[in-house]
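K.L.:
Would you mind keeping the following structure in view while I ask a few things?
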Amino acid sequence: MKQPEPGQMGLWGDEPFAEPESGSAWGAGSPAASGPGGAGRVPSGASGLTSPASLPPDDDADAPAGAAPSHRYPERQPGTLPHFRHPQAEREIRLSKAVVGYEVKRARRRSIGMVVGVDGLSVRAPRWVSWSDIETALRAKERWICTKLVEQRERAQRQMSARIDWREGASVPYLGDSLVVVLDPRIAGGQLHEVLPDAGLPGVPQRTLHLGLPHQATPEQIRDVAEAWLQREAMRVFSERVPVYASQLGVKVRKLSLSSARTRWGSASADGSIRLHWRLVHFSISIIDYVVAHELAHLREMNHSPAFWDVVRSIMPSFDAPREQLRHVAIPD
Ligand SMILES: [Zn+2]
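Taking my numbering, the leading residue of the sequence shown gets 238, the next gets one more, and so forth.
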């Protein structure tokens, strides 16, 4: 077994590009309150039970079944697990491969059902079923749950990168605005050009991103040069915003790096390392600030307890709006 990593928390982007029909549902056929292992078996026809590459390797010793608390995590918890949170989550469970915040709907029904949709995991349960019964059912289905959650995130990520049509004249989202791609063989790399106000039409982007490429450049070449420029910009913007919130919180950031994790917007480690997804540079500063504030708040509270949200609120009183926006951000077509 690997040595546990230092405590780490991640912020997971909710599905930015919803496909309502893409949810996966599983209903337990057996009675819900039947104790460990009895709350439901994996249906033999269930698909995708292999472990996706973005989940940590099997390491069940870290999370003995039934040992996980619902909301708070002990400090010594190895914290490299992916985190998925339903927007209406009222409970959180630590499975062996992920921390999952889930919605619970009490319903007139006889068994526990589960749906993994664009928002995450939603559980339908009879009114008489206890929380521990629900947790038992979730543990029995954890491979299915984790696989479906990762599939949802990966689909969103693919859609995100596929949205930009990499050619001359393409529109690239940048800090909540759009830039128009111009191929410009005279320069190297990328350059942001401010177009004079009267040169534009209302509703037409005012700025261009000049890329040092010949006019016959391929879409892959254009994407590579543009993404390299966006990544440098991401680092520049993050390097400006992180110290602002770090000083308000009185925390020390020892290392700031870009991530391109397939499913998370940011993460914080107890050693003071912060990682932020470079694609945040597509979004408005208020969304970037929320992710920065969220991750830095983890340097004070390495969990998602009410105390953690109090820390976030102390530096960003109205974080609900950007947090909600982050759930619905979309790259313009
Ligand atoms: Zn977090």
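Every residue, glycine too, gets a C-beta built ideally from N, C-alpha and C.
Taking 8 Å as the cut-off, does the CB of Glu-379 come closer than this to any heavy atom belonging to ligand 1?
P.N.:
In the sequence shown, counting from the first residue as 1, residue 379 sits at position 142. Glu-379 Cβ: outside cutoff for every heavy atom of ligand 1.
K.L.:
Could you check if His-320 belongs to the surroundings of ligand 1, using beta carbon to heavy atom distance under 8 Å?
P.N.:
Within the sequence shown, residue 320 is the residue found at index 83, counting from 1. Correct: His-320 has its Cβ closer than 8 Å to ligand 1.
K.L.:
Would you call the CB atoms of Gly-354 and Gln-389 closer than 9 Å?
P.N.:
Position 117 of the sequence shown holds residue 354. Position 152 of the sequence shown holds residue 389. Their beta carbons are under 9 Å apart, which means Gly-354 touches Gln-389 by this criterion.
K.L.:
Give the range of the alpha helix (DSSP H) segment to which Gln-428 is assigned.
P.N.:
If you number the sequence shown from 1, residue 428 lands on position 191. Note, Gln-428: premise wrong, no alpha helix (DSSP H); beta strand (DSSP E) at 427–431.
K.L.:
Going by alpha carbons, who is nearest to Trp-365 out of Leu-375, Arg-347 and Leu-358?
P.N.:
Here the question's residue 365 lines up with position 128 in the sequence shown. If we check each option's Cα against that of Trp-365, Arg-347 comes out closest.
K.L.:
Taking just the CA atoms, how far does Pro-543 sit from Ser-369?
P.N.:
What you label residue 369 is simply residue 132 of the sequence shown in a count that begins at 1. What you label residue 543 is simply residue 306 of the sequence shown in a count that begins at 1. For Ser-369 and Pro-543, the distance between alpha carbons rounds to 21 Å.
K.L.:
Residue range of the alpha helix (DSSP H) that Ala-374 falls in?
P.N.:
The residue labelled residue 374 in the question sits at position 137 within the sequence shown. That run of the alpha helix (DSSP H) goes 368–377.
K.L.:
Run through the DSSP bridge pairs and tell me what Val-360 is partnered with.
P.N.:
The residue you call residue 360 lines up with position 123 of the sequence shown. DSSP output for Val-360 lists Val-341 and Met-351 as bridge partner(s).
K.L.:
To the nearest angstrom, how far is the alpha carbon of Pro-451 from that of Gln-428?
P.N.:
Numbered from 1 along the sequence shown, position 214 holds the residue referred to as residue 451. Numbered from 1 along the sequence shown, position 191 holds the residue referred to as residue 428. Computed Cα separation, rounded: 15 Å.
K.L.:
Any idea what DSSP makes of Ser-497, helix, strand or coil?
P.N.:
As a first step, residue 497 is located in the sequence shown; it is residue number 260 there, counting from the start. Three-state DSSP puts Ser-497 in coil, outside helix and strand.
K.L.:
May I ask which residues mark the beginning and end of the beta strand (DSSP E) holding Ile-511?
P.N.:
Within the sequence shown, numbered from 1, the residue matching residue 511 stands at position 274. Its beta strand (DSSP E) spans residues 510–514.
K.L.:
Say the cut is 8 Å; is the CB of His-541 nearer than that to a heavy atom of ligand 1?
P.N.:
Locating residue 541 in the sequence shown gives position 304, counting from the first residue. Under cutoff, so the answer is yes.
K.L.:
Tell me the residue span of the alpha helix (DSSP H) that contains Val-528.
P.N.:
For the purposes of this step, residue 528 is taken as the residue at position 291 of the sequence shown. From DSSP, the alpha helix (DSSP H) with Val-528 extends over 522–535.
K.L.:
Starting from the C-beta of His-308, find all residues in its chain whose C-beta is less than 7 Å away, skip the five residues before and the five after it, and write them out in chain order.
P.N.:
Stepping through the sequence shown from its first residue, residue 308 is reached at position 71. Note that His-308 has pLDDT 26, beneath the 50 cutoff, so the model's placement of it is unreliable and the number below is only indicative. Cβ within range, chain order: Glu-329 and Ser-542.
K.L.:
Given a cut-off of 9 Å, decide if Ala-471 and Trp-403 are closer than it, judged by their beta-carbon atoms.
P.N.:
In the sequence shown, residue 403 corresponds to position 166, counting from 1. In the sequence shown, residue 471 corresponds to position 234, counting from 1. In this structure, Ala-471 does not lie closer than 9 Å to Trp-403 by Cβ.
K.L.:
Should Ser-333 go down as buried or exposed, given a rule of 16 or more other Cβ atoms within 10 Å for buried?
P.N.:
Position 96 of the sequence shown holds residue 333. Flag for Ser-333 reads buried.
K.L.:
For ligand 1, any of its heavy atoms closer than 8 Å to the Cβ of Glu-532?
P.N.:
Numbered from 1 along the sequence shown, position 295 holds the residue referred to as residue 532. Yes, ligand 1 has a heavy atom inside 8 Å of this Cβ.
K.L.:
Can you name, in chain order, every residue of its own chain whose Cβ lies under 6 Å from the Cβ of Gly-509, other than the five neighbours on each side?
P.N.:
As a working note, residue 509 is residue 272 in the sequence shown. Excluding positions up to five away in sequence, the list reads Lys-489, Val-490 and Arg-491.
K.L.:
Does ligand 1 have a heavy atom nearer than 8 Å to the CB of His-514?
P.N.:
By 1-based counting over the sequence shown, the position of residue 514 is 277. Result no, Cβ not under 8 Å from ligand 1.
K.L.:
Classify Ala-465 as buried or exposed, calling it buried when 16 or more other Cβ atoms lie within 10 Å of its own Cβ.
P.N.:
Residue mapping note: residue 465 aligns to position 228 of the sequence shown, counting from 1. Burial call: exposed.
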